[in-house]
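4 protein chains.
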Amino acid sequence: MTAARPRPLRADAARNRARLLDIATREFTTRGLAVTTEEIARAAGVGVGTLFRHFPTKEALLEAVMVCRLETVAARTTQLAAESGPADAFFDCFRLVVDQSAGKDEFTRALAAAGMDAHSALRESSAVIKERLTGLLAGAQRAGAVRPDLGLPELIALLTGTTKAVEQLGADPAARERIFEVVLDGLRPR
Amino acid sequence: MTAARPRPLRADAARNRARLLDIATREFTTRGLAVTTEEIARAAGVGVGTLFRHFPTKEALLEAVMVCRLETVAARTTQLAAESGPADAFFDCFRLVVDQSAGKDEFTRALAAAGMDAHSALRESSAVIKERLTGLLAGAQRAGAVRPDLGLPELIALLTGTTKAVEQLGADPAARERIFEVVLDGLRPR
Amino acid sequence: MTAARPRPLRADAARNRARLLDIATREFTTRGLAVTTEEIARAAGVGVGTLFRHFPTKEALLEAVMVCRLETVAARTTQLAAESGPADAFFDCFRLVVDQSAGKDEFTRALAAAGMDAHSALRESSAVIKERLTGLLAGAQRAGAVRPDLGLPELIALLTGTTKAVEQLGADPAARERIFEVVLDGLRPR
Amino acid sequence: MTAARPRPLRADAARNRARLLDIATREFTTRGLAVTTEEIARAAGVGVGTLFRHFPTKEALLEAVMVCRLETVAARTTQLAAESGPADAFFDCFRLVVDQSAGKDEFTRALAAAGMDAHSALRESSAVIKERLTGLLAGAQRAGAVRPDLGLPELIALLTGTTKAVEQLGADPAARERIFEVVLDGLRPR
DNA sequence: GATGAATGAGGTTTCATTCAT
DNA sequence: GATGAATGAAACCTCATTCAT
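Residue numbers (full-length UniProt numbering), protein chains in the order written: chain A, 1 to 190; chain B, 1 to 190; chain C, 1 to 190; chain D, 1 to 190.
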């Protein structure tokens, strides 16, 4: 009658799960949602059956990938906030979120189509990030590094938009850098 | 002097084609590339066969949708370029493209496709837009209104990204204006 | 209440019908049953609608093609029987039938699959041919030009088999001639 | 020294593969190439997916059927060639091939394909048969038992044609024997 | 637990046939 | 009568998911 608690996995099972998550992240982001479960399993060096034992659904795998990425971002965000001054922390965090968000757009739509606005696990992780972003934004604004009239919604929209811009630009690092310069410059007070 | 017209096309056939293009635009836009041809046909009130008579492939339909959009933007862009001074023309055009694209997620893909290599039919339409944008960008840069190191690919990426940002923000006009301020500000030389 | 009697067609309609039959014969024999009705119509220079006005069904068209060919064979057979001596008439007829039978195999199966052993119109034409063959065979045997133990069924089987052999040989006329030599030689009394 | 074995294949999978090949042979043979993959799968008692797992394409299935047949004939041909003198070996082999093929219309297509250019997998099997037949034919011609002007293509065509003739004749053994007499007689030098 | 063969609903595309123009 | 656009059943093939080994 206790709440479902994930059993501690056997060592090899845990290794498989981690590996699947890793490979799935790579495949989803580089090749889109069209990758088949079979391909992901093969790339991870396991059978499809194993994939489905760990993630009951392709959608569940996708969700796990997103949660994992959000958690990483959340952790690094927290870390960044602690390590640098308010301005640097904010701008570094902006870049970090953009870099970690490739493909998120498509993923979100897929999850939405599957029926929920956002799964509970996703909610939790993104709530942490939002909280962190709120703090960083306020700090940077107090430090005079960011225009004071900008709210969290606009910040998130700008993060999403910048991600989109960077995504479609492809692999030219100089051009990519110029995108960041434009947006980060625009964020500063006039 | 008239454009090459592949065939005269009967009145009802033309109506069906237009309707299919309309519906396909809406469906692709709101539900992504996963919509089935059957659904598009049903929504347009025709049989699948009719869809495939007009567009021999699902991909061809998508392409037609994108071309159609690009042509609209191309026309309005040309108009704007003729009406104002270089700086105003550039900034007005930036807003125009974003406004025309807002609420139409899939259109950003079209813009994205215009930035990458694309199908031959797309080439033509996107070439017109690129030409126009190139001219506007160069004019604005000559006038000292835009940072000189910005290239066309970055401009397109920023248009796409800003569209995305505005789109996700919803209906708050003040917040929306702040997004524009950030990006347009960032575009100015430091 | 009179039996259905094909009305005399208007001049252009008759021309269309004849042309369709011609083209269909060529297309079916050179490209198999997979040719589409659309292609046949286009090759004949008419719309599909016209094809279906003349032949209510693809199968009906196929049947008409076969009847037409059988009638030609029947006519030429009759002619041959009247013009030459018994031996020549028989051997010439053998070649004639083989030459006119390309693709018949596949056609017959298609008609069979469509539900009848052989349509009445086909029955009639092939009955005429059989009758003619019976006469020619008997004549040639009386003249000592063909082994006397051969019956009509074997003759027909040999015609079918030789057709098959010639068909698969392709376009080498010398090899084709050798096939005929083998079979016709084998038909002579030892 | 064992032949290249692509994969060991589980017991039940092998059974399914064999069963599919069997059923497909029967269906193609009796009903032509028009049978649907769905029907073949149903007749074999498996889902379509299974069919396509074993044979990635309908065409691949047909090819496998033909290869299978050709291999059987190749084996028996080799055996016969080793057992008798040149003339007997040749004529026995002719009868053997025809007997093995009788009642199996689609097999004649395989032989036909062997005479024409075919897919790579077919090449191998048909190469063995061709080699064997070439040897038998040359031997019989050297021994003066077969007309010297006959080439391999004509021989194959005659095998195909004789198969067809015998097949269409039905079950009268005397008539069948007469077909053989005609063809084999015709093969002897004049 | 792991594997990969089996499943079958569902997707794209073709084509014989109908019917408005 | 002629035309060709429209129709939709049906074909081939894919892939998320299940289950025997």
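From the three backbone atoms N, C-alpha and C, an ideal C-beta is built for every residue, glycine too. In this text, all values refer to a predicted model and were calculated from it rather than measured experimentally.
Taking the alpha-carbon of B/I179 as reference, which of A/L137, A/K58, A/D149 has the nearest alpha-carbon?
Position 179 of the second sequence, counted from the first residue, corresponds to residue 179 of chain B. Considering only alpha carbons, the answer is A/D149.
Quick check on D/H119: buried or exposed, where buried means 16 or more other Cβ atoms within 10 Å of its Cβ?
For the purposes of this step, residue 119 of chain D is taken as residue 119 along the fourth sequence, with counting starting at 1. Burial call: exposed.
Roughly how many angstroms lie between the CA atoms of C/R176 and C/G170, to the nearest whole one?
As a position in the third sequence, residue 176 of chain C is number 176, starting the count at 1. As a position in the third sequence, residue 170 of chain C is number 170, starting the count at 1. Straight-line Cα distance between these residues: approximately 8 Å.
Identify the continuous alpha helix (DSSP H) that holds B/S125 and give its terminal residues.
The residue you call residue 125 of chain B lines up with position 125 of the second sequence. B/S125 -> alpha helix (DSSP H) spans 120-142.
Measuring CB to CB, does C/S125 end up less than 8 Å from C/V65?
Against the third sequence, residue 125 of chain C aligns to sequence position 125. Against the third sequence, residue 65 of chain C aligns to sequence position 65. No, they are not a contact pair.
Give me the chain D residues within the contact set of C/L187, using Cβ-Cβ distance strictly less than 7 Å, ordered along the chain.
Residue mapping note: residue 187 of chain C aligns to position 187 of the third sequence, counting from 1. Simply V182.
Leaving out the 5 sequence neighbours to the left and right, which residues in its chain are closer than 7 Å to A/A98 when beta-carbon positions are compared?
Residue mapping note: residue 98 of chain A aligns to position 98 of the first sequence, counting from 1. In the sequence on display, residue 98 of chain A carries Val and not Ala. Contacts found: L159, T162, T163, V166.
So A/F28 packs on A/L62, CB below 8 Å; how close in whole Å?
Taking the first residue of the first sequence as position 1, residue 28 of chain A is located at position 28. Taking the first residue of the first sequence as position 1, residue 62 of chain A is located at position 62. That belief holds up - the Cβ atoms of A/F28 and A/L62 are roughly 7 Å apart, short of 8 Å.
If you reduce the DSSP assignment to three classes, tell me which class C/F55 lands in.
Residue 55 of chain C sits at position 55 when you count from the first residue of the third sequence. Reduced to three states, the DSSP call for C/F55 is coil.
Run through DSSP, which three-state label would D/R10 get?
Translated into the one-based positions of the fourth sequence, residue 10 of chain D becomes position 10. Coil at D/R10, not helix or strand.
With a threshold of 16 other CB atoms inside 10 Å of the CB of A/E38, please say whether the residue is buried or exposed.
Within the first sequence, the letter at position 38 stands for residue 38 of chain A. Exposed, by the Cβ-count rule.
Just to confirm, are C/L80 and C/D92 a CB contact at a threshold of 8 Å?
Against the third sequence, residue 80 of chain C aligns to sequence position 80. Against the third sequence, residue 92 of chain C aligns to sequence position 92. Their beta carbons are under 8 Å apart, which means C/L80 touches C/D92 by this criterion.
Against chain C, does D/R178 count as a neighbour if the rule is that its beta carbon must be under 8 Å from one of theirs?
In the fourth sequence, counting from the first residue as 1, residue 178 of chain D sits at position 178. Chain C, which has a Cβ nearer than 8 Å to the Cβ of D/R178, makes this yes.
By the criterion of Cβ-Cβ separation under 7 Å, what are the contact partners of D/K164 in chain C?
Numbered from 1 along the fourth sequence, position 164 holds the residue referred to as residue 164 of chain D. Here the neighbours are T160, G161, K164.
Name the residues in the segment 136-150 of chain A whose C-beta lies less than 9 Å from a C-beta of chain B; which are they?
R147, D149, L150
Taking the straight line between their C-alpha atoms, what separation do you get for B/A121 and A/T134?
Taking the second sequence and counting its residues from 1, the one referred to as residue 121 of chain B is at position 121. Taking the first sequence and counting its residues from 1, the one referred to as residue 134 of chain A is at position 134. Distance between the alpha carbons of B/A121 and A/T134: 46 Å.
What is the rounded straight-line gap between the Cα of D/R42 and the Cα of C/D105?
Translated into the one-based positions of the fourth sequence, residue 42 of chain D becomes position 42. Translated into the one-based positions of the third sequence, residue 105 of chain C becomes position 105. Spanning the two alpha carbons is a distance of roughly 27 Å.
Determine, using beta carbons only, whether C/D154 comes closer than 8 Å to chain D.
For the purposes of this step, residue 154 of chain C is taken as the residue at position 154 of the third sequence. Looking at the sequence provided, one finds Glu at residue 154 of chain C rather than Asp. Yes, C/E154 lies at the interface with chain D (some Cβ there is under 8 Å from its Cβ).
Taking the beta carbon of D/L184 as the centre, do at least 16 other beta carbons fall within 10 Å, making it buried, or is it exposed?
For the purposes of this step, residue 184 of chain D is identified with residue 184 of the fourth sequence, where counting begins at 1. Buried, since its Cβ has 16 or more Cβ neighbours within 10 Å.
Can you tell me whether D/T25 is helix, strand or coil according to DSSP?
Within the fourth sequence, the letter at position 25 stands for residue 25 of chain D. If DSSP states are grouped into helix, strand and coil, D/T25 belongs with the helices.
Taking all protein chains shown into account, decide if A/G186 is buried (16 or more other Cβ within 10 angstroms of its Cβ) or exposed.
One-based indexing of the first sequence puts residue 186 of chain A at position 186. Label assigned to A/G186: buried.
Sorted by chain position, which residues of the same chain lie with C-beta nearer than 6 Å to B/V128's C-beta, five sequence neighbours on each side aside?
As a first step, residue 128 of chain B must be located in the second sequence, where it is residue number 128. Around B/V128: A74.
For D/E100, which residues of its own chain have a beta-carbon under 6 Å away from its beta-carbon, when the five flanking residues on both sides are left out?
Sequence index remark: in the fourth sequence, residue 100 of chain D carries index 100 (1-based). Strictly speaking, residue 100 of chain D in this sequence is Gln, with Glu absent from that position. For D/Q100, where only same-chain residues beyond five positions count, the Cβ hits under 6 Å are V73.
Please name the residue in D/T77, D/G85, D/E83 whose C-alpha comes closest to that of D/L96.
By 1-based counting over the fourth sequence, the position of residue 96 of chain D is 96. Of D/T77, D/G85, D/E83, the residue nearest in Cα terms is D/T77.
Between which residues of its own chain and B/R10 is the CB-CB distance below 7 Å, once the five residues before and five after are set aside?
Taking the second sequence and counting its residues from 1, the one referred to as residue 10 of chain B is at position 10. None.
Just the Cα atoms here: how many angstroms apart are C/A174 and C/V182?
Residue numbering aside, residue 174 of chain C sits at position 174 when the third sequence is read from its first letter. Residue numbering aside, residue 182 of chain C sits at position 182 when the third sequence is read from its first letter. Each residue's alpha carbon lies about 13 Å from the other.
Counting only beta-carbon atoms, is A/R109 nearer than 8 Å to chain B?
Residue mapping note: residue 109 of chain A aligns to position 109 of the first sequence, counting from 1. Yes, because at least one Cβ of chain B sits closer than 8 Å to the Cβ of A/R109.
Could you tell me whether the Cβ atoms of residue 206 of chain D and D/A157 are closer together than 8 Å?
Residue 206 of chain D lies beyond the stretch modelled for chain D, which goes from 1 to 190, so this question has no answer here.
Within the 8 Å Cβ cut-off, does B/G32 reach chain A?
By one-based count along the second sequence, residue 32 of chain B stands at place 32. Yes, contact with chain A.
What residues from the UniProt domain "HTH tetR-type" (14-73) of chain C come within 7 Å of chain D, judged by C-beta to C-beta, listed N to C?
Here the close residues number zero.
With DSSP collapsed to three states, give me the class of C/L61.
The residue you call residue 61 of chain C lines up with position 61 of the third sequence. Helix, per DSSP.
Within the 8 Å Cβ cut-off, does D/R95 reach chain C?
On the fourth sequence, residue 95 of chain D is found 95 positions in, with the first residue counted as 1. It does not; no Cβ of chain C falls within 8 Å.
Which class does D/M1 belong to by DSSP, given the choice of helix, strand or coil?
Taking the fourth sequence and counting its residues from 1, the one referred to as residue 1 of chain D is at position 1. Bear in mind that a pLDDT of 44 at D/M1, under 50, signals an unreliable position, so the number given afterwards is only what the model happens to contain. In this structure, D/M1 counts as coil in the three-state DSSP scheme.
List the residues of chain D that C/R123 touches, going by C-beta distances under 9 Å, in chain order.
Here residue 123 of chain C corresponds to residue number 123 of the third sequence, with the count starting at 1. Neighbours of C/R123 on chain D: none; closest Cβ ~17 Å, over 9 Å.
Considering only the alpha carbon of each residue, which of D/R147, D/L152, D/V146, D/T50 lies closest to D/E131?
For the purposes of this step, residue 131 of chain D is taken as residue 131 along the fourth sequence, with counting starting at 1. If we check each option's Cα against that of D/E131, D/L152 comes out closest.
From D/A13 to A/H54, what distance separates their C-alpha atoms?
In the fourth sequence, counting from the first residue as 1, residue 13 of chain D sits at position 13. In the first sequence, counting from the first residue as 1, residue 54 of chain A sits at position 54. If I take the Cα positions, the gap works out to 26 Å.
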